[in-house]
Structure formats: C-alpha cells, structure tokens
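Residue numbers (full-length UniProt numbering): 1 to 273. Virtual Cβ for every residue (Gly too), placed ideally from N, Cα, C. Step one of this worksheet: look at the structure below.
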C-alpha cells in the first residue's frame, strides 16, 4: 500500500467507491497486493493527419470502456484499487484523460463538469487542448471538457449506445480501403471522404470513385450527398444513380458561412431517408 500512498499527490480519484484512479507517472509502476496499474498509451493510439493528436475515436472509447469494465468486475481484482496511469507526454496524457473522463460520464453517470473536475485535482500540469488537423497555427482549442460535453450530448440524444454499438463495423468502414466513412447520427448523417474520378491506389493510398459507395448508400437509405470540398468528380454520377447532390464548398479547416449552414440545415430538414 505504501507504493500507492507515495503517489497520492499525483493521483485523481475518479469514483466515489475509491476503487478507480487516474495518475500521471514518469516510471512504469508495478502492481501490488492492493493496487492494479494499467496503461493504454501504447495500445490505443491516435492516427494523425498533420499536427492533430486526438481525441481518440468512438471505437477506442468503446474498447477502453470494455477493458475497464472487465477489470472492475474481475474477481481477482475485486479487492484492489484500479489505477489507470499515463506518462508525461502531453498528447498521450490528454487522450488518456479523455478516455477515463468519458468512462466516468458514460458508466459512472458523472456530469462532464464532475468528471473534468476530478481529472484536474492533484498537483499535475494542465491538459493540452486538442487541435484541428492542419499544419498551421491552431485558431481554436478543443478541451477535454468540450469532448466530455459532446459525449454527454451524444448519450442524451441517442447518437451512440454502447449496448448496441458494433465496434467491428465501425472499425471496418473507417479504414480508407473500405470507404473511410462513419455515421455521425445513426440512420441520418453519414460522413465520408470525398470521392475521386476513379478508384485506384495512388502512392499506396486507396481512392474511391462515386460508384464504390452506391451499394452501401442504397442499402442504408442514403438519399442525398452534400459535397463540402472542391469539385474533383462529376455530380452527375450520383444523380444518375438516383441520389440528390448538392455543392456547399468552403475552405477545408475553416468555418462555413452562415449562408452555407442555413442551406445545409434546409437540405437536412427536407431530405427523405
């Protein structure tokens, strides 16, 4: 127990039962008779585009929650404190804190503010905010609290439910070779990478023509496509296949104008499917 007490000022208490903790440590600790330590820093890793580093996607949140639930329910660990520890790498630390904060909101029924407050306790440095996927200077920050508030909203409105979540399907279709798309709102909004004139492998990177998406779109009742980026394929290929197609271009990484937002909302409200 002495090992745990020596870390006391570095440890955040996550659950009222005093079983679940979060810690930022310089060295890998050894589990003891009373304490079980684990880390996901090298297991759940964000794949960045440019200078972005997180937050981790919904599949990783799901896998983390499953892992933690299993530990908390394990008979062999039933008398032990569970400590999720991370390192002082600012990026890994922010992602680790987001994961345990998300767990607290989803399974411990904490408010985002309560979960975030627990993460701020102790004598550790502040968390690095997340940023957009670009090379340039970040013009806004996305905090862990912002992310936890998003988790709470998603739960409240049924945008995700881990009781029915298909993690294998999510991970399959998020891969570039399988389409690179995700449901933002199940059954309503599907985000996908902009198609190319023809399907091919370019510099080891799979590119998909519009026709590659038709079978999945028709099976899942997708009826309209909104293009937000530059025109590199003919919209006619979608309309000839029975889809509505709209162009609402704005610079990638920027904020769309009020007019584009209004047009997008109007399309959403008036599209069947």
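Here residue 224 has 244, 271 as same chain residues with Cβ atoms under 6 Å from its own Cβ, once five neighbours each way along the sequence are excluded.
With fewer than 16 other Cβ atoms inside 10 Å of its own Cβ, residue 66 counts as exposed. In this model, residue 133 and residue 240 are separated by some 34 Å (Cα to Cα). In the three-state reduction of the DSSP assignment, residue 212 falls in the helix class, which pools H, G and I.
Residue 195 is a Cβ neighbour of residue 213, given a cutoff of 8 Å. Each of 158, 40, 256, 110 was checked against the Cα of residue 148, and the nearest Cα belongs to 110.
In the DSSP assignment, residue 93 falls within the alpha helix (DSSP H) that extends over 90-106. The secondary-structure analysis by DSSP pairs residue 149 with nothing; it has no beta-bridge partner.
The alpha-carbon separation between residue 55 and residue 128 amounts to approximately 11 Å. Between the beta-carbon of residue 50 and that of residue 83 there is about 33 Å, and that puts the pair past the 8 Å contact cut. DSSP, read as helix, strand or coil, puts residue 126 in coil. Under DSSP, residue 24 takes part in a beta bridge, and its partners are 86. By the Cβ-count criterion, residue 125 is exposed, with fewer than 16 other Cβ atoms from all chains shown falling within 10 Å of its own Cβ. Here residue 58 carries a helix assignment [DSSP, helix/strand/coil]. By the neighbour-count criterion, in which 16 or more other beta carbons inside 10 Å mark a residue as buried, residue 61 falls on the buried side. Here residue 233 is near residue 197, since their CB atoms are less than 8 Å apart.
By the CB criterion at 8 Å, residue 102 and residue 119 fall outside the cutoff. DSSP, read as helix, strand or coil, puts residue 182 in strand.
If you check the CB distance, residue 40 and residue 99 come in under 8 Å. DSSP places residue 189 within a strand segment (E or B) once states are collapsed to three.
Counted as a single uninterrupted DSSP element, the stretch harbouring residue 239 is not any beta strand (DSSP E) but the alpha helix (DSSP H) occupying residues 236-239. Distance from the CA atom of residue 79 to the CA atom of residue 12, rounded to whole angstroms, is 19 Å. Assignment of beta-bridge partners to residue 200 by DSSP yields 207. Straight through space, the alpha carbons of residue 108 and residue 152 are spaced by roughly 12 Å. Residue 224: member of the beta strand (DSSP E) spanning 224-227, first to last residue. Distance check between residue 42 and each of 85, 58, 251, 69 places 85 closest, using alpha-carbon atoms only.
Beta-bridge pairing by DSSP links residue 177 to no other residue.
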